[in-house]
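In the UniProt record's numbering, the protein residues as written are 1 to 423.
Here's the structure we're looking at; comments come further down.
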Ligand SMILES: O=C(O)CCC(=O)C(=O)O
């Protein structure tokens, strides 16, 4: 019900969009509108926010992949603040309730403790990140390393190279990895996340009850699994392009309207091994309010202008350390000074709107049946497992694959700097 009194063009625009939003909700999310409190939240939206919300809900219901319009609609992200994200989650949760993910269920991987989890969730919400009380056991690390040995990694430099995880481990041991780095790139990324997303242990992990409980409470709705990523970082030339490509300058992610990542160290990470770093609480005090654009790379000098030293945290920990992180926080990987860092990352989003990641191949009926959740929840969590969308994404990426001339210029500059530092 619209309660706004018409006084100007602005309020007329608000009434029109509010009416369209109300009608849309009535048709597609009727149980959301069943409470007066929910209606009041819709009434309180500005015309701009109501229009943003309507657009994302229409995209949700269309079922069409919206990664195709990511660049064109990127500015929509600026319409989403904490309040609108929470409201969006509430609307999504009215259609697919996520209590089955929060209700306690034993995990095959972690020995759960509900009291500790309450405290972990509270800190995650307050600080934007939280190191888990759980850590992979040596046996679990061995299982993960066996999976990694067979996976293919690629670095993204001038002469990019492909190596299997097993080859990388071997070259780290015998010291020959250095000849694969430098102008070849200093980070080896998993070439295609699809195989990892479908591997037995990683799939179990991605849909583990502890992980799902933490991320669904954080998002306020059933989480969509969007990434199972892995990468090896090595000491790097501190060239701005290089640091930027490898996420080693402070930045804020906008990959989805709301999302949360789970970072797992698979090697010991001390201060010299490239710890993951956060500005505490910056998921609330977002850097774009200081005039930075989402995805801007922010030099350390600028960070210290806006944030007190006690808000800048580097997360060190032994292999197996697990961190939940909202990377809409200002964050980065500190450049590796010695040795290497092997990181695993799972990511979950509230919605695929303007997704930045490739969809996975569809799950088999058996794989789906192995997820012990009600059908709508299972469907929602695996909406990014869609073979048609995967093909569409691959076609779109292939069409835009030719590098721009400026990319060649950047590569040349980088090559010159490497030659200078090596001679
Ligand atoms: O490597 C790191 O620690 C940073 C990773 C990062 O920026 C991200 O995953 O969003």
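Ideal placement from N, C-alpha and C gives every residue a C-beta, glycine not left out.
This structure is a prediction, so every number in the text was calculated from the model and none was measured.
C-beta contact flag for residue i and residue j at 7 Å
i	j	result
residue 268	residue 234	no
residue 342	residue 266	yes
residue 325	residue 258	no
residue 13	residue 47	yes
residue 291	residue 336	no
residue 278	residue 129	yes
residue 112	residue 210	yes
residue 141	residue 153	no
residue 144	residue 353	no
residue 181	residue 230	no
residue 392	residue 65	yes
residue 385	residue 363	yes
is_contact[residue i, chain C] using C-beta, thresh 7 Å
i	result
residue 253	No chain C is part of this structure, which consists of one protein chain only.
Span separating the alpha-carbon of residue i from that of residue j
i	j	result
residue 345	residue 33	36 Å
residue 150	residue 167	9 Å
residue 67	residue 378	22 Å
residue 249	residue 23	44 Å
residue 382	residue 19	32 Å
residue 21	residue 101	29 Å
residue 109	residue 372	15 Å
residue 397	residue 245	18 Å
residue 207	residue 28	27 Å
residue 212	residue 133	15 Å
residue 169	residue 123	35 Å
residue 160	residue 188	9 Å
residue 301	residue 309	12 Å
residue 147	residue 54	42 Å
residue 103	residue 376	16 Å
residue 52	residue 395	28 Å
residue 127	residue 329	9 Å
residue 296	residue 366	42 Å
residue 193	residue 16	43 Å
residue 369	residue 204	13 Å
residue 390	residue 305	42 Å
residue 428	residue 171	Since the first residue shown for the chain is 1 and the last is 423, residue 428 is missing from the structure and cannot be characterised.
residue 315	residue 327	14 Å
residue 70	residue 388	18 Å
residue 61	residue 183	45 Å
Counted within 10 angstroms of its Cβ, other Cβ atoms place residue i as buried (16 or more) or exposed
i	result
residue 217	buried
residue 228	buried
residue 115	exposed
residue 175	exposed
residue 351	buried
residue 173	exposed
residue 77	buried
residue 252	buried
residue 202	buried
residue 63	exposed
residue 93	buried
residue 75	exposed
residue 59	buried
DSSP three-state assignment for residue i, whether helix, strand or coil
i	result
residue 167	helix
residue 394	helix
residue 15	helix
residue 345	strand
residue 248	coil
residue 162	strand
residue 212	helix
residue 321	strand
residue 96	coil
residue 312	strand
residue 385	strand
residue 6	Since pLDDT at residue 6 reaches only 45, below the 50 mark, its modelled position is unreliable, and the value read off the structure follows with that caveat. Residue 6 falls in the coil class under three-state DSSP.
residue 132	strand
residue 183	helix
residue 230	strand
residue 56	helix
residue 260	strand
residue 83	helix
residue 20	helix
residue 283	coil
residue 198	helix
residue 155	strand
residue 219	helix
residue 88	helix
residue 436	Residue 436 is absent from the structure shown; the chain starts at 1 and stops at 423.
Nearest-angstrom Cβ-Cβ length linking residue i and residue j, presumed shorter than 8 Å
i	j	result
residue 320	residue 131	Not confirmed; about 11 Å, so no contact.
residue 349	residue 256	4 Å
residue 322	residue 82	About 25 Å; that fails the 8 Å criterion.
residue 276	residue 331	7 Å
residue 79	residue 39	Not a contact, Cβ separation roughly 21 Å.
residue 360	residue 264	With a Cβ gap of about 19 Å, residue 360 and residue 264 do not count as contacting.
Any non-hydrogen atom of ligand 2 closer than 6 Å to residue i Cβ
i	result
residue 206	Of the ligands this structure carries, namely ligand 1, none is ligand 2.
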